[in-house]
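**Q** In UniProt numbering, the protein residues as written are 1 to 152.
Sharing a structure, written as structure tokens. Questions coming.
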């Protein structure tokens, strides 16, 4: 028995049989719902250090859907040229954990929830700092030289 899923808020719409359109992650071709009867579409998991999921066992893998073996080959080649940045993956794990704890999280809990070592956690934080846009401060509050800052 399938679980009851909540319907949308528009009771006047007859969209229960609506099938969403899915496009190929490489070429953008719309894949028709009847493709799902045979061997198409192709599904693959590709290495991607920015891919973070609720289930940590899937972290670092991007699920893609493709219309053909040719598109699979092209996307594998493209993903193969992208560097897998461990620090980016670690930063994503850290953010996922921190977001679960709006009151703050201790280093011990952070280690437990992320599975990262203290050195990996520090490297993840350093990666976030390197990626922060120039001119952005470290958090809310007065920033030197900025609006509301102490320099007048």
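Backbone N, C-alpha and C define an ideal beta-carbon position, used for all residues, glycine too.
When the Cβ atoms of the region 24–31 are set against those of the region 62–73, are three or more pairs found closer than 8 Å?
**A** Contact holds: three or more Cβ-Cβ distances are below 8 Å.
**Q** Which residue marks the beginning of the beta strand (DSSP E) containing residue 47, and which one marks its end?
**A** Looking at the DSSP string, the run of the beta strand (DSSP E) that includes residue 47 is 42–47.
**Q** Helix, strand or coil for residue 169, going by three-state DSSP, please let me know.
**A** Outside the shown range of the chain (1 to 152) lies residue 169, about which nothing can therefore be said.
**Q** Would you kindly work out how many angstroms separate the C-alpha atoms of residue 58 and residue 72, rounded to a whole number?
**A** Distance between the alpha carbons of residue 58 and residue 72 is about 20 Å.
**Q** Give me the residue from 48, 130, 44 and 55 with the minimum Cα distance to residue 82.
**A** Here the closest residue by C-alpha is 48.
**Q** Exposed or buried, which one is residue 41 when buried takes at least 16 other CB atoms within 10 Å?
**A** By the neighbour-count rule (16 or more Cβ atoms within 10 Å), residue 41 is buried.
**Q** Enumerate in chain order the residues of its own chain whose CB-to-CB distance from residue 127 is below 8 Å, with the five nearest sequence positions on each side excluded.
**A** So the qualifying residues of the chain are 85, 87, 88, 90 and 91.
**Q** Measure the alpha-carbon distance for residue 60 versus residue 30 and round it to whole angstroms.
**A** Those two C-alpha atoms are separated by around 26 Å.
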